[in-house]
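Down below is the structure, laid out as structure tokens.
In the working numbering, the protein residues as written are 1 to 421.
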């Protein structure tokens, strides 16, 4: 087993919290080890995935065909500048971050993560640059991001991953306790944009996470993210000066590796209820992990002081450019497990469910996803995965595949091959 992660320079205890566990490939070292270049490549294939149901948002049910996905790739560059100062940058081509309907249909390389890091000693790091903004703890280690898929036993992510990347300062630390237990923590302050944005409506996002890890493999974690954006309201209708339909993207998750016939690279499988204006995200996790077995459960809540509104109705059909001063609320939970049958072969399953509790929405408000997967490590850095997935979205779930008049569902089978170095 070999899981690739851009956090490979972290202490083991800190890696448990930040982006999972597992040894990393060394990459290619240059300049007497001061410069390391690594990377990842991934491509997938899927069988037909068809959106069905009385409330499908597109103009008609579309029959999906099978096919190969677009290749995703990433290049990691790590440089040790001084004994305590290092630089990391990931350059990636990630078509699943964007929707072709929005015009993002061209190949291109983008900065995905990058920072300047200072090692303060004693297990404490400080980073300036991109910070991962999320209340997730252990689940973040099983998160596919573009070509970086080998820490995730599944092909898709959870539909309730509350996560984004922003610009800011990030402090991370770990401490070993008596008896072999460890405590890890991180705090961050960021502005919710990859662009230079210092408008009054942007403001700052604040986050804090921590874990307590027992020596036997049992761990507990919790995280919180607070956004502090603002809007202008008049007569009960609110908007941002720039017309944007959101502030922070924490509640949006990332693009999934499921494709639909009409929409290309897609991130429309996440219940989008929270605009991220003046929002609070909370999540608690418990995990048990050994060399062969991983079992993880989590529960979270997200709440915003503002809700998207469309045609005078709040809460069930984001995304629009106007808001109302009504609390948007989402609760969610999930369970997942992974078991290694042999050192090279594993099976895994995950179930997640969310409920939209905005305003008067109290029924037909659930979305759920079931994933069943298997993986084979052909080599330490070559992983082949297969997954069956099914997802259901009720009329008022906040799901992006429903139109508010009925439910929608899809199911499909996918295969994915990935290489890291």
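Heads up, the beta-carbon is just placed ideally off N, CA and C, and yes, glycines get one too. Quick caveat: nothing in here was measured; it's all calculated off a predicted structure.
- In this structure residue 43 is in contact with residue 417, their Cβ atoms being roughly 6 Å apart against a cut-off of 8 Å.
- The stretch 211-224 makes no contact with the stretch 244-254, as fewer than three CB pairs between them are under 8 Å.
- Closest option to residue 292, judged by alpha-carbon separation, among 132, 124, 284 and 337: 337.
- Counting along the chain, the unbroken beta strand (DSSP E) around residue 347 starts and ends at 345-356.
- If you compare the alpha carbons of 395, 133 and 228 with that of residue 208, the shortest gap goes to 133.
- Beta-carbon to beta-carbon, residue 67 and residue 46 are separated by about 7 Å, close enough to satisfy the 8 Å threshold.
- About 14 Å separates the Cβ atoms of residue 345 and residue 382, ruling out a contact at the 8 Å cut-off.
- Close CB contacts of residue 128 within its chain, under the 7 Å cut and outside five residues either way in sequence, are with 115, 116 and 169 (chain order).
- Residue pairing by DSSP places residue 182 opposite 176 and 213 in a beta bridge.
- Nearest neighbour of residue 393 by Cα position, chosen from 353, 374, 198 and 182, turns out to be 353.
- Here residue 84 is exposed: its Cβ has fewer than 16 other Cβ atoms, across all protein chains shown, within 10 Å.
- Taking residue 78 as reference, the option from 176, 137 and 36 with the minimal CA-CA separation is 36.
- Residue pairing from DSSP places residue 413 in a beta bridge opposite 388.
- Using a 10 angstroms sphere on the CB of residue 137, the tally of other CB atoms reaches 16 or more, which defines it as buried.
- Residue 304 places its beta carbon 8 Å or farther from that of residue 343.
- When DSSP states are grouped into helix, strand and coil, residue 246 belongs to the coil group.
- Of the residues 295, 402 and 88, the one whose Cα lies closest to the Cα of residue 52 is 402.
- Note that the C-beta distance between residue 329 and residue 358 is below 8 Å.
- Between residue 334 and residue 289, the alpha-carbon positions lie close to 17 Å from each other.
- Put simply, of 319, 173 and 220 the residue whose alpha carbon is nearest the alpha carbon of residue 243 is 319.
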